[in-house]
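Written out below as structure tokens is the structure these notes cover.
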Amino acid sequence: MKKRTTIFYCHAAVLLVIMTAGCTGGNDEEPGHSSSPAGGSSINKDETASAAEKNEAVNKDSHHISADKSEPDSIAADYSPLQIEYARVWLQLGENQKIDELNVRRIPAGALVNPDDHTSARYPEDVTQLAGSRLVDGSVTYSSNGDGTTQVYNVPLRWEFTEKGVMKEVTEEMIRHTKKVYVDTGDNEKIRRLIKIMSIH
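Just so we're aligned: the sequence shown equals residues -26 to -1, 1 to 175 in mature numbering (1 follows the signal peptide of the UniProt record, and there is no 0).
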């Protein structure tokens, strides 16, 4: 009887060891299987990010190339915004387009409208005066609104003698009645020509 009991316990012990080993093996395998997809996911993410970065770089380069090709005759790269503005204003508003020199004079806010008469009204803002080298070329006095439009002042290049005490009223009237004008982009070749003969004082 004792012998049978001993054999039974031995078999039970062997089965217990086998079952324990099987469970341990199962637990060891599971993390290994779960880590494999995670590693694969990480690799896929890196590959996707790398591909996205390459595409972005290509798109950026394509944008710059496209921008350069779309504006082959752009004057913005050759001249300052102010030079282009002066030329465009004269091209549209100047009396004589066949001038040999375009003089640019910047007049600060507070300056006399008629510099030869101390009773004259004063400019309420910075203005720019454009003129040719001769009186017959005419002149344009304006201020920029910064949105493609200008306020044009009807101010002569040279003042004629006026009756004493009248200048203040005359110049105040000029300031009150400016004209808003939209300035076209103009022809690039004509703008280049005007910039080349431009003299900024």
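Glycine included, C-beta positions come from ideal geometry on N, C-alpha and C.
Query	Result
Under 7 Å Cβ to Cβ from Ile165, same chain only, skipping five residues before and after it: list those, please.	Ile49, Ile58, Ala61, Arg62 and Leu65
Below 6 Å CB to CB, which residues in the same chain sit around Glu99 once its five sequence neighbours on both sides are set aside?	Ala83 and Ser117
Among Gly68, Gly106 and Asn162, which has the Cα closest to the Cα of Ala51?	Asn162
For Leu168, which residues from the same chain have a beta carbon less than 7 Å from its beta carbon, with the 5 sequence-adjacent residues on both sides left out?	Ala61, Trp64, Leu65 and Leu76
Return the first residue and the last residue of the beta strand (DSSP E) that Lys153 is part of.	Lys153 to Tyr156
Please classify Ile165: does DSSP put it in a helix, a strand, or coil?	helix
According to DSSP, is Thr93 part of a helix, a strand, or is it coil?	coil
Mind pulling the beta strand (DSSP E) runs of 3 or more residues that sit fully within the stretch 116 to 153?	123 to 127
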